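So the structure is just underneath, and the comments pick up after that.
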Amino acid sequence: MRPLFGKVGVFGVGLLGGSVALGIKERFLAEEVHAYDQDPLALEKALFLGVADRVHTEVGPWVGELDLGVLAAPVGALAELGEALAPWAHPESLWTDVGSVKAKVVAALEGLLPHYLGGHPMAGSERAGVENAHAGLLQNAVWVLTPTERTSPRAREGVRGLVEALGAYPLEMPPGLHDELVARVSHLPYLLAVALNRMVARSPHKDLLIFLAAGGFRDLTRVASGSPRMSRDMVVENKEALKEAIEELREVLLELEGLLEEPERLLKAAEEAKRTRDSLPIVRRSLLPEMHDLVVQVPDRPGEIARIATALGEAGVNIKDIEVLTIREAAGALRLSFATREERERARRVLQEAGYRLP
0 MRPLFGKVGV FGVGLLGGSV ALGIKERFLA EEVHAYDQDP LALEKALFLG VADRVHTEVG
60 PWVGELDLGV LAAPVGALAE LGEALAPWAH PESLWTDVGS VKAKVVAALE GLLPHYLGGH
120 PMAGSERAGV ENAHAGLLQN AVWVLTPTER TSPRAREGVR GLVEALGAYP LEMPPGLHDE
180 LVARVSHLPY LLAVALNRMV ARSPHKDLLI FLAAGGFRDL TRVASGSPRM SRDMVVENKE
240 ALKEAIEELR EVLLELEGLL EEPERLLKAA EEAKRTRDSL PIVRRSLLPE MHDLVVQVPD
300 RPGEIARIAT ALGEAGVNIK DIEVLTIREA AGALRLSFAT REERERARRV LQEAGYRLP
């Protein structure tokens, strides 16, 4: 069976670009994967890790041989990169990008590159660099596509086919709407993480605060551990939508400050927040397979995760996903996800019989 593409080029081999390249290679979606980056060390790692078959530090005639090009450079550099690639691009080639800001990028690239469709996989990690890339990063991820009136049917069909073949879920919306929504669910949380860490860093009790910071603080501020430069570029490029989101947050915080004097109304606000947070998996189910979760308390000692997996495996129960929720000196917790409610209940019985506590 022939792959979807002949030659594919990935322009920028960091975490996301590297993960796209690995997904293409592992699923045999291309005959050959080329990688471009201005950093020779990143290309050296890409070759060593099997991310790419060929690497380049300069654009040239090889670009014209590509069936598909994926721009994965920092979002602030995408327009300039598109200008460099345009003279070399084959008129029938497909092009997309993975930038987290779309309106400006789409406006710049759709007039430069043939059969271009903007994209943004909603996936990432606080660990940057191609050495942390893995194909699983894109598995089951929502991948936003931002077509416009200028988008060709060829681009729409080809890029959507790539997304689906990588195991992700394409979701189409206008570029401006994408930026407005992502400002609230991605860019604003990043600034919040920065703000909370700045509060700790500036406190005269910094050492005590760091010592007292529990799992909740670490989970809430995890995104601040990502690449500062990449994150800076991300929020600056979307600053107009982000400023609107910040203003909305300011109003909500002032409202909550007032509710500190009205415990019953604060309780209602907290209950509403809980319903919203708990509904996130339900929203996900409209796009991704439904999952049924089970939280298990486990002692913090070697082999516990393996013991749980073995017990369920021997009982014929398949774990679809696993997440470490908390770790303490004495105990921790895991969230296990199952494809059906029946499997979840079987898992509950198996683990209870094995002596585990399930809250």
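Going by numbering that gives the first Met the number 0, the sequence shown runs without a break in its numbering and finishes at 358. All residues carry an ideal CB built from backbone N, CA and C; glycine is no exception. From a predicted model like this one, the values you see are computed outputs, not experimental measurements.
### Task
May I ask you to list the residues that DSSP assigns as paired with residue 321?
According to DSSP, residue 321 shares a beta bridge with 335.
### Task
Please state whether DSSP places residue 291 in a helix, a strand or coil.
strand
### Message
I'd like to confirm the pairing. Which residues does DSSP put opposite residue 169 in its beta bridges?
### Response
142
### Opposing strand residues paired with residue 47 [DSSP bridges]
For residue 47, which the question treats as bridged, DSSP gives no partner whatsoever.
### Query
residue 7 by DSSP, collapsed to three states: which one?
strand
### Query
Which residues in the same chain have their Cβ closer than 7 Å to the Cβ of residue 283, if we skip the five residues on either side of it in sequence?
Any reading at residue 283 must be qualified, since the residue scores a pLDDT of 43, below 50, and its modelled position is unreliable; no value is offered.
### Message
Between the region 99 to 119 and the region 252 to 266, can you find at least three pairs of beta-carbon atoms closer than 8 Å?
### Response
When Cβ pairs closer than 8 Å are counted between the two stretches, the region 252 to 266 is seen not to touch the region 99 to 119, the count staying below three.
#### Entry: Exposed unless 16 or more other CB atoms sit within 10 angstroms - verdict on residue 242
exposed
### Task
Can you tell me which of the three DSSP states residue 234 falls into?
helix
### Message
According to DSSP, simplified to helix, strand and coil, what is residue 296?
### Response
Here DSSP, grouped into helix, strand and coil, assigns residue 296 to strand.
### Task
Give me the Cα-Cα distance between residue 206 and residue 130, rounded to the nearest whole angstrom.
Distance between the alpha carbons of residue 206 and residue 130: 32 Å.
### Task
Can you grab the Cα-Cα spacing for the pair residue 329 / residue 305, in whole Å?
Confidence at residue 329 is low in this model, with a pLDDT of 47, below 50, so its placement is unreliable and the value that follows should be read with caution. Taking the straight line joining both Cα atoms gives about 18 Å.
### Task
Taking residue 270 as part of the alpha helix (DSSP H), name the residues at either end of that continuous run.
262 to 277 is the extent of the alpha helix (DSSP H) around residue 270.
### Rounded distance between the beta-carbons of residue 117 and residue 152, thought under 8 Å
Incorrect: roughly 16 Å between the Cβ atoms, too far for contact.
### Enclosing beta strand (DSSP E) for residue 32 [first to last residue]
29 to 35
#### Entry: Where residue 145 falls, given that 16 or more other Cβ within 10 Å makes a residue buried
buried
### Task
Taking residue 120 as part of the beta strand (DSSP E), name the residues at either end of that continuous run.
Following the DSSP letters along the chain, one finds residue 120 inside the beta strand (DSSP E) bounded by residues 115 to 120.
### Message
Using a 10 Å radius around the Cβ and a threshold of 16 neighbouring Cβ atoms, would you call residue 68 buried or exposed?
### Response
Residue 68 counts as buried, since no fewer than 16 other beta carbons sit within 10 angstroms of its beta carbon.
### Distance, residue 239 Cα to residue 318 Cα
42 Å
### Task
Flag this pair as touching only if the region 2 to 18 and the region 57 to 71 have three or more C-beta atom pairs under 8 Å; answer yes or no.
yes
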